[in-house]
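Under numbering that gives the first Met the number 0, the sequence shown has 167 at position 168, and the numbering climbs by one with no breaks.
Following: one structure in structure tokens, then a few remarks.
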Amino acid sequence: MASWNSFPLQVTYEVLGWFAFFSWSISFYPQVILNFRRKSVVGLNFDFVLLNLTKHSSYLIYNASLYFSSAIQNQYFEKYGYGEMIPVAANDVAFSIHAVLLTAITLFQIAIYDRGEQKVSKISIGIVSVAWLTAAVCFFIALPSHSWLWLLSIFNGIQVLMTVIKYIPQAVFNFLRKSTDGFSIGNILLDFSGGVANYLQMVVQSVDQDSWVNFYGNIGKVLLSLISVLFDILFIMQHYVLYPASTKASKLVNSSEQDDQVREHLVTPDQTPQENV
Numbered sequence: 000m001a002s003w004n005s006f007p008l009q010v011t012y013e014v015l016g017w018f019a020f021f022s023w024s025i026s027f028y029p030q031v032i033l034n035f036r037r038k039s040v041v042g043l044n045f046d047f048v049l050l051n052l053t054k055h056s057s058y059l060i061y062n063a064s065l066y067f068s069s070a071i072q073n074q075y076f077e078k079y080g081y082g083e084m085i086p087v088a089a090n091d092v093a094f095s096i097h098a099v100l101l102t103a104i105t106l107f108q109i110a111i112y113d114r115g116e117q118k119v120s121k122i123s124i125g126i127v128s129v130a131w132l133t134a135a136v137c138f139f140i141a142l143p144s145h146s147w148l149w150l151l152s153i154f155n156g157i158q159v160l161m162t163v164i165k166y167i168p169q170a171v172f173n174f175l176r177k178s179t180d181g182f183s184i185g186n187i188l189l190d191f192s193g194g195v196a197n198y199l200q201m202v203v204q205s206v207d208q209d210s211w212v213n214f215y216g217n218i219g220k221v222l223l224s225l226i227s228v229l230f231d232i233l234f235i236m237q238h239y240v241l242y243p244a245s246t247k248a249s250k251l252v253n254s255s256e257q258d259d260q261v262r263e264h265l266v267t268p269d270q271t272p273q274e275n276v
């Protein structure tokens with residue numbers, strides 16, 4: 000296994016990795032807090048959450064297996080060369096564990112809070128079922144020959160596919176409602192920062208090793224970063240450019256209600272003395 004050639008680049012790699020971890024991890028909390036404060040999940044697309052759980056579970060299996068299993072690491076070196084570095088870092092494993100936990104909490108909120116007329120679509124249930132069925136079939140295919148690296152590539156492929164699919168329901172939902180109310184933009188801004196840092200981390204490793212093997216050796220991580228950033232840009236455009244009127248309207252409604260209360264308060268004292276007279 001290769002070692003780092005430059006200590007500053009190694010430090011930069013670690014800093015970027017943990018910055019991505021904290022950005023991506025914290026990005027889950029604005030939505031959870033928003034749901035808790037409103038005691039409602041109206042505006043949050045349930046398909047997004049269900050697909051997200053499948054995505055992060057698949058990514059956790061990939062990251063944890065490649066990071067901790069020496070047998071799988073040997074298969075990686077046999078395929079890409081013993082002079083290469085494992086493309087999974089400790090922050091990748093930590094993020095996956097945290098992501099599965101927080102997504103499960105969000106699903107629990109969906110179960111207990113006001114949902115309105117929203118529900119999980121049959122299409123999303125079908126996609127998730129096919130994804131896990133495929134993973135199960137591939138496990139039994141890999142079992143006789145112990146082709147664990149190949150099996151992990153399947154899980155990596157599932158997480159990439161889920162990454163693409165999971166964003167689409169929320170983007171369409173925002174488009175149909177012409178609003179982003181109920182969907183936390185703080186989540187998206189943090190997700191964007193994490194995606195950029197995650198990609199730069201891989202660039203730093205490639206520069207130090209003078210090799211780009213880690214990019215196609217962990218193509219899932221590359222695509223995760225790029226796809227996340229692209230959809231985050233779309234959500235940012237929806238919130239701040241395409242549908243800002245919804246936020247302004249809610250502020251105007253609150254302002255109007257406050258004005259009515261003030262006027263009512265001002266009128267009442269004037270009327271009371273007249274009645275006493």
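The beta-carbon is built from N, C-alpha and C at its ideal position, and this holds for glycine as well.
Since we're looking at a predicted model, the values are computed, not measured.
Practice item. Would you check if the distance between the CB atom of Gln169 and the CB atom of Gly219 is smaller than 8 Å? Key: As a first step, residue 169 must be located in the sequence shown, where it is residue number 170. As a first step, residue 219 must be located in the sequence shown, where it is residue number 220. The answer is no: Cβ separation not under 8 Å.
Review point. Does the pairing of the segment 144 to 158 with the segment 62 to 77 give three or more beta-carbon distances under 8 Å?
Key: Three or more beta-carbon pairs drawn from the segment 144 to 158 and the segment 62 to 77 are found closer than 8 Å, and the two stretches are therefore classed as touching.
Check your understanding: Where does Ser68 sit, in a helix, a strand or coil, going by DSSP?
Key -> In the sequence shown, counting from the first residue as 1, residue 68 sits at position 69. Residue state, collapsed to three classes: coil.
Check your understanding: In or out: Tyr61 buried (at least 16 other Cβ within 10 Å) or exposed?
Key -> The residue labelled residue 61 in the question sits at position 62 within the sequence shown. Buried is the call here.
Review point. Can you tell me whether Tyr166 is buried or exposed, with buried defined as 16 or more other CB within 10 angstroms of its CB?
Key: Residue mapping note: residue 166 aligns to position 167 of the sequence shown, counting from 1. Tyr166 should be labelled buried.
Point to revise | Under 8 Å between C-beta atoms of Tyr112 and Val92 | key: The count along the sequence shown starts at 1 and reaches residue 112 at position 113. The count along the sequence shown starts at 1 and reaches residue 92 at position 93. Contact: no.
Exercise for review: Using the DSSP secondary-structure output, state which residues sit across from Ser39 in a beta bridge.
Suggested key: Sequence index remark: in the sequence shown, residue 39 carries index 40 (1-based). Asp113.
Exercise for review: Please say whether Ser22 and Ala196 have beta carbons closer to each other than 8 Å?
Suggested key: For this step, residue 196 is matched to residue 197 along the sequence shown. For this step, residue 22 is matched to residue 23 along the sequence shown. Yes. Within cutoff.
Review point. Out of curiosity, what's the CA-to-CA distance linking Ser224 and Ala130?
Key: Here residue 224 refers to the residue found at position 225 when the sequence shown is read from its first residue. Here residue 130 refers to the residue found at position 131 when the sequence shown is read from its first residue. Rounded to the nearest angstrom, the two C-alpha atoms are 21 Å apart.
Practice item. Report yes if the CB atom of Gln200 is closer than 8 Å to the CB atom of Gly16, and no otherwise. Key: Residue 200 sits at position 201 when you count from the first residue of the sequence shown. Residue 16 sits at position 17 when you count from the first residue of the sequence shown. With contacts defined by Cβ atoms closer than 8 Å, Gln200 and Gly16 form a contacting pair.
Point to revise | Ile85 versus Gln72: straight-line alpha-carbon distance, rounded | key: To locate residue 85, count along the sequence shown from 1; it is residue 86. To locate residue 72, count along the sequence shown from 1; it is residue 73. Distance between the alpha carbons of Ile85 and Gln72: 7 Å.
Review point. So is Thr179 in contact with chain B if we call contact Cβ pairs under 8 Å?
Key: Note that chain B does not occur in the displayed structure, where there is just one protein chain.
Check your understanding: With Ile292 and Ala134 assumed to form a contact (beta carbons below 8 Å), what rounded beta-carbon distance in angstroms separates them?
Key -> Since the first and last residues shown for the chain are 0 and 276, residue 292 lies out of range.
Check your understanding: Would you say the segment 101 to 120 touches the segment 37 to 51, given that touching needs at least three Cβ pairs under 8 Å?
Key -> yes
Exercise for review: Give the straight-line distance between the Cα atoms of Leu209 and Leu59, rounded to the nearest whole angstrom.
Suggested key: Counted from its first residue, the sequence shown places residue 209 at position 210. Counted from its first residue, the sequence shown places residue 59 at position 60. The question names Leu, but residue 209 in the sequence shown is Asp. About 28 Å.
**Study point:** Top-ranked residue by Cα proximity to Val127, from Phe191, Ser178, Thr179 and Leu50
**Key:** Here residue 127 refers to the residue found at position 128 of the sequence shown. The shortest Cα separation from Val127 among Phe191, Ser178, Thr179 and Leu50 belongs to Leu50.
Check your understanding: Which of helix, strand or coil does DSSP assign to Thr246?
Key -> Here residue 246 refers to the residue found at position 247 when the sequence shown is read from its first residue. For Thr246, the predicted structure reports a pLDDT of 49, less than 50, and the residue's modelled location is therefore unreliable. A value from the coordinates is still provided. Residue state, collapsed to three classes: helix.
Check your understanding: Just to confirm, are Tyr81 and Val203 a CB contact at a threshold of 8 Å?
Key -> Working through the sequence shown from its first residue, we reach residue 81 at position 82. Working through the sequence shown from its first residue, we reach residue 203 at position 204. Against a cut-off of 8 Å, the Cβ pair of Val203 and Tyr81 comes out as no contact.
**Study point:** N- and C-terminal bounds of the alpha helix (DSSP H) containing Thr11
**Key:** Your numbering for residue 11 matches position 12 in the sequence shown. Segment Phe6 to Ile25, the alpha helix (DSSP H) holding Thr11.
Check your understanding: How many whole angstroms separate the CB atoms of Asp46 and Val119, which I take to be in contact at a CB cut-off of 8 Å?
Key -> If you number the sequence shown from 1, residue 46 lands on position 47. If you number the sequence shown from 1, residue 119 lands on position 120. The Cβ separation is near 6 Å, so the contact holds.
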